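Participant:
Here it is, written out as C-alpha cells:
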C-alpha cells in the first residue's frame, strides 16, 4: 500500500489521476473501519488532511459552499442558521470524536444509503462539486447517488465541496435508532420549507438502495398548502393532508429487512417521521413568519 | 514508512509503519504507550480517545500517516504539568475519589474526553457532560459515578479558581467494600 500526502488540491488531483484506484481519506471514520477489519486493502491511500481548502466554507447570497472535509462539529457550531437541516443531522452523527473528524465529503464518497448528511442535502437542494485534472463539474445531489454505496464519481475525481442552498425557511431532520449517540439510521427523514417559492423539499435515508427524494409527496404538499391558502394564513395543516403526505413519502421508499430493522418497521417509522417533521417545520413557519404576509 | 509526530510534548519517530496502520496501533505497539485502549476498532467505544492537535478523536480511525507532524496527547500525558510532580491530573484524582473506575478499560478514553470537556467548558451542565461522554462506552458501571467524577473535578476547579474559596473540597468518604455478590 502507498500512503500519498498531497500538500494542496492540485497535488491531490494529480495523485488521484496517477492512482485512480487510490482511496481518499480525510476523517477516516469510514475508511479506517474497513481497513481495520480487513474489508478493504486499497493500493494507495490519499491523505486529504493537509489540504486546507477542504476544511473551509463560504456563505454566499443563496448558497453555502461547504468544503468536503469541514468536520460535522463545525457545521453544528458555525452553520446552524444557514444549514439548519444539515446541522441537525450532523448532530446525530456518531459521537463527538467522530464529529470532530468526519464531514459531508466522506458521507458522499461512501454513499451509504444510511449516511446522515444525505436527507438534509436532498431536502435543502445541493450540488456536489467534483474535480479531476480534466476539470471541474457540479452534480445535483439527487444524481450523485447511483446505487448502494456507489456514486457518480469517475475514478480520477475527488469531491471538492458541496454547494447547499441557504435555508429560506424552517428545516427539520429526524432519525430512528436504538439510542441517541453512535447510531446508524434505521431510517431518517429531512424536510425543508421554502416559503419564497412556496415549495418543499424532502430527503429519505436508509429506506432505499440510495438516499432519495419523495417528489410526489413534495408536489402534493405544495399543492395542498397552496389550495388551502396556508402559506398566507399560517393555518394548521389538516391531519388528512399530513396523513396523505406521509403516505406519499412512504411510497417513495423501497426498504429492505436487515439487521437494523424490517422493511415494515421502516415504512411505519418513516410515516411517523414525515408527519412529525411536518408538524415541526409548520409550527416554526407559523411562529416565525418566515416571509409570510401578515394577515 | 516512517512517521514522526509529537506525543505528550515529546517528539517520536516510528519506522516500518504499514500504510494502513492506525495511530492507535503506532501508539500502543511501536511507541510503548498502551494507555489508549484497543477495543472496537470502529469508532464506537471511545476507549482509544486521544487529542489530535487538541481535538478529541478516536485514535483507531486516524491513519498513522495522518498524524505526521501533528501533536497527539494521550492519557499518559494528562498528569504532565497538571498537578503535583508524579501525581495525578485533577480529572484522574476525581475519578479515583468518586469511585468511577471498575475494570478500568474504558477509563483512559473517558479521562481524555472529560479533560477536554472541562478545558472547553469548566462548568458543564449534566446535559453537556452526557453529550461529551456519549462516545465513550463503559460496560461496568452504568455511568453514574463517572458523571459524579466529572462534576467533582468541575466543582474542585471552580473552588480552586475562586479567590475566597477555602480550597478544594474534601473528597467523598471512601466507599465501603461491596457486599459479596453485589
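Chains as they are written, first to last, in this note's numbering: chain A, 731 to 1025; chain B, 133 to 314.
Where a beta carbon is used, it is the ideal one built from N, C-alpha and C, also for glycine.
Quick caveat: nothing in here was measured; it's all calculated off a predicted structure.
#1: Just to confirm the assignment, what range does the beta strand (DSSP E) spanning residue 875/A have?
#2: Take residue 964/A as the anchor and find which of 982/A, 928/A, 851/A, 935/A has the nearest alpha-carbon.
#3: Could you check which residue in 265/B, 292/B, 204/B has the C-alpha nearest to that of residue 281/B?
#4: Starting from the Cα of residue 240/B, find the closest Cα among 221/B, 251/B, 257/B, 254/B and give me that residue.
#5: Kindly list the residues whose CB is nearer than 7 Å to the CB of residue 810/A, restricted to its own chain and excluding five residues on each side of it in sequence; keep chain order.
#6: So is residue 136/B buried or exposed if we call it buried at 16+ other beta carbons inside 10 Å?
#7: Name the residue from 133/B, 141/B, 196/B whose alpha carbon lies nearest to the alpha carbon of residue 206/B.
#8: Would you say residue 210/B reaches chain A, if we count a Cβ-Cβ gap shorter than 8 Å as a contact?
#9: Based on the DSSP secondary-structure assignment, which residues constitute the bridge partners of residue 866/A?
#10: Only counting the same chain, and skipping five residues up and downstream in sequence, which positions put a Cβ closer than 7 Å to that of residue 960/A?
#11: Quick test of your reading: residue 786/A and residue 797/A, contact by CB under 8 Å. State the CB separation rounded to the nearest angstrom.
#12: Any Cβ of chain B within less than 8 Å of the Cβ of residue 1009/A?
#13: Using the DSSP secondary-structure output, state which residues sit across from residue 761/A in a beta bridge.
#14: When burial is assigned at 16 or more other CB atoms within 10 Å of the CB, is residue 269/B buried or exposed?
#15: Please list the partners that residue 837/A has in chain B, where partner means a Cβ-to-Cβ separation under 9 Å.
#16: Taking Cβ-Cβ distances shorter than 8 Å, what residues in chain A pair up with residue 194/B?
#17: Give the interface partners of residue 826/A over in chain B, defined as CB-CB distance under 8 Å, in chain order.
#18: Would you say residue 975/A faces chain B, with C-beta separation under 8 Å as the test?
#19: Using the Cα positions of residue 289/B and residue 180/B, report the straight-line distance between them to the nearest angstrom.
#20: Please report the straight-line C-alpha distance between residue 746/A and residue 734/A, rounded to a whole angstrom.
#21: Please confirm if the stretch 819-837 of chain A is in contact with the stretch 750-764 of chain A, defined as three or more CB-CB distances below 8 Å between the two stretches.
#22: Please report the residue range of the alpha helix (DSSP H) in which residue 972/A lies.
#23: Per DSSP, what are the beta-bridge partners of residue 901/A in this structure?
#24: If contacts are defined as beta-carbon pairs under 8 Å, then residue 203/B and residue 273/B qualify, I think. What distance do you get, rounded to the angstrom?
#25: Looking only at DSSP bridge pairs, what is residue 754/A linked to?
#26: Reducing DSSP to helix, strand and coil, say where residue 228/B ends up.
#27: Ignore the nearest five residues each way along the sequence and tell me which others in residue 309/B's own chain have a CB closer than 8 Å to its CB.
#28: Report the residue from 176/B, 267/B, 189/B whose alpha carbon sits nearest the alpha carbon of residue 155/B.
#29: Just checking: is the beta-carbon of residue 1024/A within a distance shorter than 8 Å of some beta-carbon in chain B?
Facilitator: Answer, in terms of the structure:
#1: 875-877
#2: 928/A
#3: 265/B
#4: 221/B
#5: 817
#6: exposed
#7: 141/B
#8: no
#9: 861/A
#10: 967
#11: Contact holds; Cβ gap of about 5 Å.
#12: No, residue 1009/A does not count as interfacial toward chain B.
#13: Its beta-bridge partners do not exist; DSSP assigns none.
#14: Around the beta carbon of residue 269/B, 16 or more other beta carbons sit within 10 angstroms, so the residue counts as buried.
#15: Here the premise fails: no neighbours, minimum Cβ distance about 14 Å.
#16: 758, 762, 831
#17: 188, 245, 263, 264, 266, 267
#18: Output row for residue 975/A: interface = no.
#19: 26 Å
#20: 10 Å
#21: Yes, they touch.
#22: 969-981
#23: 922/A
#24: Incorrect: roughly 31 Å between the Cβ atoms, too far for contact.
#25: 776/A
#26: helix
#27: With a pLDDT of only 45 at residue 309/B, under 50, the local geometry of the prediction cannot be trusted, and the value read off the model is given with reservation. Same-chain partners within the cutoff: there are none.
#28: Between residue 155/B and the set 176/B, 267/B, 189/B, the nearest pair of CA atoms involves 189/B.
#29: In this predicted model, residue 1024/A has a pLDDT of only 48, less than 50, meaning its place in the structure is not dependable; the value taken from the coordinates is given anyway. No, residue 1024/A lies away from the interface with chain B (no Cβ there is under 8 Å from its Cβ).
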